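*Asks:* Quick note: to get the numbering used here, add 126 to the position in the sequence shown (first position is 1). Ideal Cβ positions, reconstructed from N, Cα and C, are used throughout, including at glycine. On a predicted model such as this, the values are computed, not experimentally measured, just so you know.
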Amino acid sequence: AQPKLWSPDSPHLYTVETQVLCGKEVTDTYQTTFGVRSILFDGKTGVSLNGQKIQLKGLCNHQDHAGVGMAIPDRLQEWRVEQMKSMGCNAIRTAHNPPTPALLHICDRLGILVMDEVRMPGTSPELMEQMESLILRDRNHPCVILWSLGNEEMLIQETPIGARLLQRMQDRAHQLDPTRLCTDSAHCDFSE
């Protein structure tokens, strides 16, 4: 009735257990971790988390790690997020590809806000399926506050075709998750 709210300062998490029954026999069990929070983006007042104004202090997080590459151990992901948080970071943008699920679990637990980015914008069946899979996979994470529909795709930036393509992607994203806004990272201006 009165959940503890998830935030960077207090990343409180809950677990729901889903069971599949065949008659009275449990045939499958799945646990989903989630947090309760609200996010509001307003052009005049900025960003509010749980009704409180918050300043996003973030960076771009390319998943690779110098000297190790892309296939890094979860503990190294965690160490990286811990270092970011110790420097005052409270937000990251996953860069150019969907993040590993381990990174989102770490951000949930440590209280880092995430702009979750698809690999490539587009409305082909394959690209739409990739976006849909990302949203369905990640939408229970309280750390995820925005869906990024692409980044640095020169063929769609500021073109009528690009606007229509991104609108179609956004419409589908909002069908799957009406709780989060979408952006195209190439057009972000966080200077204001």
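What are the uninterrupted segments assigned as beta strand (DSSP E) that are 3 or more residues long and contained completely in the stretch 241-289, given in chain order?
*Replies:* For the stretch 241-289, whole beta strand (DSSP E) runs of length 3 or above, ordered along the chain, are 270-274.
*Asks:* Have a look at S274, K179, C269 and flag the residue whose alpha-carbon is nearest the alpha-carbon of M257.
*Replies:* When only C-alpha atoms are compared, the closest one is S274.
*Asks:* Per the DSSP calculation, N187 is bridged to which residue(s)?
*Replies:* Per DSSP, T220.
*Asks:* Could you work out which residue in Y156, V173, A127, C233 is closest to R306 when comparing CA atoms only?
*Replies:* Selected option, being the one with the closest Cα: V173.
*Asks:* Compare the C-beta of L253 against all C-beta atoms of chain D and say whether one is closer than 8 Å.
*Replies:* In the structure shown, chain D cannot be found, because there is only a single protein chain.
*Asks:* Name the two residues that bound the continuous beta strand (DSSP E) containing I180.
*Replies:* Unbroken beta strand (DSSP E) run through I180: 178-180.
*Asks:* Do T249 and R294 count as a contact pair if the criterion is CB distance below 8 Å?
*Replies:* In contact: R294 and T249 (Cβ atoms closer than 8 Å).
*Asks:* L260 and V240 - do their beta-carbons sit closer together than 8 Å?
*Replies:* No; because the gap between Cβ atoms is not below 8 Å, this pair is not in contact.
*Asks:* Would you tell me roughly how many angstroms separate the C-alpha atoms of A127 and L147, rounded to the nearest one?
*Replies:* Cα-Cα distance, rounded: 27 Å.
*Asks:* From D303 to N266, what distance separates their C-alpha atoms?
*Replies:* One C-alpha to the other measures close to 10 Å.
*Asks:* Just to check my reading of the structure: I271 and I165 have Cβ atoms closer than 8 Å, yes? What is that Cβ distance to the nearest angstrom?
*Replies:* Indeed, because the Cβ distance is near 5 Å, the residues count as touching under 8 Å.
*Asks:* What's the call for G288, buried or exposed, on a 16-neighbour Cβ count within 10 Å?
*Replies:* Under this definition G288 is a buried residue.
*Asks:* Are L291 and P251 touching if we call contact CB-CB under 8 Å?
*Replies:* No, these two residues do not count as a Cβ contact at 8 Å.
*Asks:* My output table needs one value for D135: the three-state DSSP class, helix, strand or coil.
*Replies:* Note: D135 maps to coil in three-state DSSP.
*Asks:* Return the CA-CA distance between V142 and L236, expressed in angstroms with no decimal places.
*Replies:* Roughly 19 Å separates the two Cα atoms.
*Asks:* I'd like to confirm something about L147: is its beta-carbon nearer than 7 Å to some heavy atom of the ligand NAD, or not?
*Replies:* Summarising the ligand content, the structure contains no ligands, and the ligand NAD is consequently not present.
*Asks:* Mark P129 as exposed unless 16 or more other C-beta atoms lie within 10 angstroms of its C-beta, in which case mark it buried.
*Replies:* Exposed.
*Asks:* According to DSSP, D154 sits in a beta bridge with which residue or residues?
*Replies:* Per DSSP, V146.
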